[in-house]
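To start, the structure itself, in C-alpha cells.
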Amino acid sequence: MNPTFNTVEDLIVDNSFRKWVLQNDPKAEAHWQQYVSSNPEKKELIEEAKSFLKKLPRVNYELPVSEFETIWAKIEEISESEIYNPSQTMASAPTGGRVRSISSKWYYLAASIVLILIAVGVSQQYISLIGDTTVSFQTKYGENQTIELPDGSVVTLNANSTLTYEANGFSNDIRKVEIDGEAFFKISKHASPKGDRIKFTVETADLEVEVLGTEFNVNTRRASTKVVLTEGQVQIKLTKTDSVRPITMLPGEKITYTSGQKTATREQAKVNVATAWKENELIFEDTPVGEIIHVLEDNYGMRIKLKKPGIAERHYTGTFKNPDPEVILMALSGLFDLKLERRNGTVTLN
Numbered sequence: 290m291n292p293t294f295n296t297v298e299d300l301i302v303d304n305s306f307r308k309w310v311l312q313n314d315p316k317a318e319a320h321w322q323q324y325v326s327s328n329p330e331k332k333e334l335i336e337e338a339k340s341f342l343k344k345l346p347r348v349n350y351e352l353p354v355s356e357f358e359t360i361w362a363k364i365e366e367i368s369e370s371e372i373y374n375p376s377q378t379m380a381s382a383p384t385g386g387r388v389r390s391i392s393s394k395w396y397y398l399a400a401s402i403v404l405i406l407i408a409v410g411v412s413q414q415y416i417s418l419i420g421d422t423t424v425s426f427q428t429k430y431g432e433n434q435t436i437e438l439p440d441g442s443v444v445t446l447n448a449n450s451t452l453t454y455e456a457n458g459f460s461n462d463i464r465k466v467e468i469d470g471e472a473f474f475k476i477s478k479h480a481s482p483k484g485d486r487i488k489f490t491v492e493t494a495d496l497e498v499e500v501l502g503t504e505f506n507v508n509t510r511r512a513s514t515k516v517v518l519t520e521g522q523v524q525i526k527l528t529k530t531d532s533v534r535p536i537t538m539l540p541g542e543k544i545t546y547t548s549g550q551k552t553a554t555r556e557q558a559k560v561n562v563a564t565a566w567k568e569n570e571l572i573f574e575d576t577p578v579g580e581i582i583h584v585l586e587d588n589y590g591m592r593i594k595l596k597k598p599g600i601a602e603r604h605y606t607g608t609f610k611n612p613d614p615e616v617i618l619m620a621l622s623g624l625f626d627l628k629l630e631r632r633n634g635t636v637t638l639n
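Here you go:
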C-alpha cells in the first residue's frame, strides 16, 4: 500500500522521494512523476518539500532506520509542558535556563528538521544550521551535485568543491555566494520591489564575479581562478589588487587570474571543453599531461607522481564519458609508454 503524504516531513523522510530530488534516480523519478500526475492536489506540498531538501547541505553519514525511528518517536513524545512559553520573563524561567521565544509548534518543527538533517546524512558540523546563519554544500571526490538557490538560480557543483552563502545573503537587494573548487552557475533574473535589477555576486579567494542573469563556469583550483562565460555578461572585480579595473566579459571568453603573479589574462575559451564536466564528461584537447594529472588529483583525490622526464609537457587529446580515473591513467600509460606503480596510496608514472 502506498504511504500517505500529508506534510513536508512525510515527504522528506521518504527514501524514494530523496532519491528523486537529490540523486536524480530514474526509477524514483518515474514513480514520483506518476504520483504527481495522479495526485495534483499534492503538487504544492511536493514543491515545498523539494525546495527544502535542495537547500540542505550535503552529507557524511546516515542513521540506521531503527535509530531514526527511535529518535522520531521521542520527538513526538515532546509535550506542551516541556516548551517554554514565549510570554515568560527571565525571572520566571526555569533555574539555569533561558527563555525561548518559540511556540510548541515551532519547537517541534525545529526538532523535526534536526532529525531530518541527520536522517538524510548532513555532516555533524551543520547540525546547528537552525541557529546558524551559514548554509554550505560540499561535494566528495568524484561527485557532482545540482543545487537550487533561494532565488531560483541553479548551481552545478563539481567534485571536491564547496558552495557557501549566508542565510540572509538572499534578500530584496542582495544575492551573494562563495565558491571554493569549481561550479557552473545559471543565474535567474530578479528585480527588487523598486524594480531595480538585483546583481548576483560570486566570491572566490581572489575575485568577485558580478552578474544580472547569465551562465558561467568558475574554477578556483591550483592558486588561480578561471571564469568562462557561456551566456550573458559578467564583470570581474579583482579583490587582491587595486591596480586593475573591473573586467567586463563577453560570451565565449575566459579570464584567468593567477594569485602568485596577481595578473589576469583574457582569451577565447572552448566552452564545451570547460563545461563538459557538468554532463559527466572530461574532454582533453591538446592538453598537457601535467594538467590532466592535476584534474585527476583535484576531482578524484588521487596522489600521482610523474617521474619520466618531459612527460608533463607532452599533450593528449581524448574524451571520457562517465570518466573513470583508472581508465584515464591506463590511456596515458599506453600512449606514452609509461609504467604504473602503486605504493602507499600514490600512483607513480615512470
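Numbered according to this note's numbering, the sequence shown terminates at residue 639, and the numbering increases by one at each position without gaps.
The beta carbon of each residue, even a glycine, is placed where N, CA and C say it ideally should be.
Extent of the continuous alpha helix (DSSP H) to which residue i belongs
i: PHE426; result: That residue, PHE426, is in no alpha helix (DSSP H); its beta strand (DSSP E) goes 423 to 427.
i: PRO577; result: Taken as a continuous stretch (DSSP letters only), PRO577 belongs to no alpha helix (DSSP H), being part of the beta strand (DSSP E) at 570 to 577.
i: ALA338; result: 332 to 343
i: ILE301; result: 297 to 301
i: ARG307; result: 304 to 312
i: ALA563; result: 560 to 563
Where residue i sits in the DSSP three-state scheme
i: TYR324; result: helix
i: ASN449; result: coil
i: LEU527; result: strand
i: TYR589; result: helix
i: ASN611; result: coil
i: LEU621; result: helix
i: HIS583; result: helix
i: ILE487; result: coil
i: LYS594; result: strand
i: ALA494; result: coil
i: ALA472; result: strand
Boundaries of the beta strand (DSSP E) in which residue i is found, first to last residue
i: LEU518; result: 513 to 520
i: ASN508; result: 504 to 508
i: ARG534; result: No beta strand (DSSP E) contains ARG534, which DSSP labels as neither H nor E.
Distance between residue j and residue i (C-alpha atoms, nearest Å)
i: ASN295; j: ALA601; result: 58 Å
i: GLN322; j: LYS610; result: 28 Å
i: ILE487; j: LYS478; result: 8 Å
i: GLU437; j: SER340; result: 8 Å
i: GLU570; j: VAL560; result: 13 Å
i: LEU539; j: ALA472; result: 19 Å
i: SER513; j: GLY549; result: 8 Å
i: PRO315; j: TRP566; result: 20 Å
i: GLY431; j: ASN449; result: 7 Å
i: SER442; j: PHE474; result: 7 Å
i: ALA319; j: ARG307; result: 13 Å
i: GLU499; j: ILE581; result: 30 Å
i: ASP485; j: GLY634; result: 54 Å
Supposed contact pair residue j and residue i - C-beta distance, whole angstroms, cut 8 Å
i: THR503; j: GLN522; result: 6 Å
i: LEU618; j: VAL578; result: Contact flag wrong, Cβ pair sits at about 11 Å.
Residue i: CB within 7 Å of a non-hydrogen atom of the ligand MN
i: ASN506; result: This structure simply doesn't include the ligand MN, nor any ligand for that matter.
Across the segment 502 to 520 and the segment 540 to 547, are there enough close Cβ pairs to call them in contact, namely three or more that are closer than 8 Å?
yes
query = At a cut of 8 Å, does the segment 629 to 639 reach the segment 592 to 607 through at least three beta carbon pairs?
reply = yes
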